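Reading through the C-alpha cells given below for one structure.
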Amino acid sequence: PDCFSSKNLALQAQKKILTKMATKTMANMLIDDTSSEIFDELYKVTKEHTRNKKEAHKIMKDLIKVAIKIGILYRNNQFNQEEMEIVDKFRKKLNQTAMTIVSFYEVEYTFDRNVLAELLNECKDLVHELVDRHLTPRSHGRINHVFNHFADVEFLTALYSLDGDCRPYLKKICDGINKLLDEKVL
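Residues 852 to 1037 (the numbering used here) are what the sequence shown spells out, left to right.
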C-alpha cells in the first residue's frame, strides 16, 4: 500500500538533520539558557569524574540528542493518548528527581545515592517507554548511555562529596534546577 505522508517525511527529515547537527550551537538554539547552563556544568563534572573529555562530550551529545528528539516528537503531536500519560508520569518523576537532587545538596548528610540512582533509573524506564515506537535502537542505546552514567552510584557519590572537586559544579547545577523549578519548567 502507498502510505505517503509529507508530515512523517518532514518529521523524519527534522530528526535526520538533528542527528547531523547535535552540536552545542544547535542545542543552544533549541534548549533554554538555564538548561544549557546545567548541561554545561554536567559536562564539566562528567569530564572531571571520568577523566575523559571525549567520553564526557559523547554523554552530553547523547543527552542533548535525546532531549531534542523528544521535544520534536512532542511539539509535532506524535505521542498518542497512552504516551501522553507517560509524558505526565515522566514530568512528575523528573520533578521529584529534581527536588531530591536539590534537597540532597541543600541539607547536608541527607544524600542517599541509592535513592537518587533509583529515581534516575525510573526516569530512564519512562523515557524508554515513551519513545519505544518512535526512536531507533541506537537512540535507546543513547538513553541507556546517558542514564547509566548519571545514575551510577560512584558518580553520584563523587558529585555529592562534601569536600570533593565536584561540589562547585553541583552548586551551579542545583542553582539552575532551582530556577527551573521556580519557573515551573520542571
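Here a beta-carbon is modelled for each residue, glycine too, at the ideal position from N, C-alpha and C. On a predicted model such as this, the values are computed, not experimentally measured, just so you know.
Asked	Found
Cβ shell of Asp1016 (< 7 Å), same chain only, five flanking positions each side left out	Glu899
Test item: CB-CB of Val978 and Phe941 under 8 Å	yes
Chain-order list of residues whose beta-carbon lies under 6 Å from that of Asn972 (same chain, five-residue window excluded)	Ala1002
Which of helix, strand or coil DSSP assigns to Thr961	coil
Counted within 10 angstroms of its Cβ, other Cβ atoms place Ala907 as buried (16 or more) or exposed	buried
Burial state of Thr961, where buried means 16 or more other Cβ atoms lie within 10 Å	exposed
Endpoints, alpha helix (DSSP H) assigned at Gly1027	1018-1033
Beta-carbon proximity check, Val917 vs Arg989, cutoff 8 Å	no
Inter-residue spacing [alpha-carbon to alpha-carbon] between Asp1014 and Arg964	16 Å
CB contact flag (Ile1028, Ile921, <8 Å)	no
Rounded Cβ spacing between Thr1038 and Cys974 (contact assumed at less than 8 Å)	Missing from the structure shown is residue 1038; the chain here goes from 852 to 1037 and no further.
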